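All remarks here apply to the structure that follows.
In the numbering used here, the protein residues as written are 492 to 629.
Laid out in structure tokens, this is it:
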């Protein structure tokens, strides 16, 4: 199980032996707390890299274009929906691109169906937090 706290509430989720690690934070954004309750954004200004938005061939490039539109190309801003876009991308890759062992098992088919359900619903949520807190099927 993986345990995490979201908005003061503890959640426990079955991992089925799966663990995830963030290996590349270079194109991400984070808010850093400062004194007196203020914060500063640490980010890469992706507006300066046209190749991210001109590229084709993988859904990730469409995600960058969707993010650009959502943020108005101002990458210091935070828009929770951009996390939904990346979760949708990740779930899509888990369904279509990963190589699994024993794909004919009942449990594999069950969880692929769960992932397909998540993929079909997740874009309707405004943030990852809302998805985790209110989706009744995860």
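Backbone N, C-alpha and C fix where the C-beta goes; we use that ideal spot for every residue, glycine too. Every value quoted in this text rests on a predicted model; they were computed, and no experiment measured them.
Confirm, please, whether the CB-CB distance from residue j to residue i is below 8 Å.
i	j	result
residue 525	residue 532	no
residue 618	residue 586	no
residue 567	residue 516	no
residue 547	residue 580	no
residue 613	residue 578	yes
residue 497	residue 588	no
residue 601	residue 591	no
residue 503	residue 494	yes
Give me the DSSP bridge partner(s) of residue i.
i	result
residue 524	530
residue 495	502
Assuming the contact rule is C-beta atoms closer than 8 Å, residue i and residue j should be a hit. Round their C-beta distance to whole Å, please.
i	j	result
residue 564	residue 527	So it is not a contact: roughly 30 Å between Cβ atoms.
residue 569	residue 506	That belief does not hold up - the Cβ atoms of residue 569 and residue 506 are roughly 28 Å apart, past 8 Å.
residue 552	residue 543	7 Å
If distances are taken between C-alpha atoms only, which option among the options comes closest to residue i?
i	options	result
residue 550	521, 522 and 582	582
residue 584	494, 607 and 545	607
residue 522	571, 540, 605 and 624	571
residue 510	492, 501 and 518	492
What are the start and end residues of each continuous alpha helix (DSSP H) run of 4 or more residues lying completely inside the segment 600 to 627, in chain order? Segments of the alpha helix (DSSP H) lying fully in the segment 600 to 627: 619 to 625.
In chain order, which continuous runs of the alpha helix (DSSP H) of length 4 or greater are located wholly inside the segment 548 to 597? The segment 548 to 597 contains these whole alpha helix (DSSP H) runs: 550 to 562 and 572 to 587.
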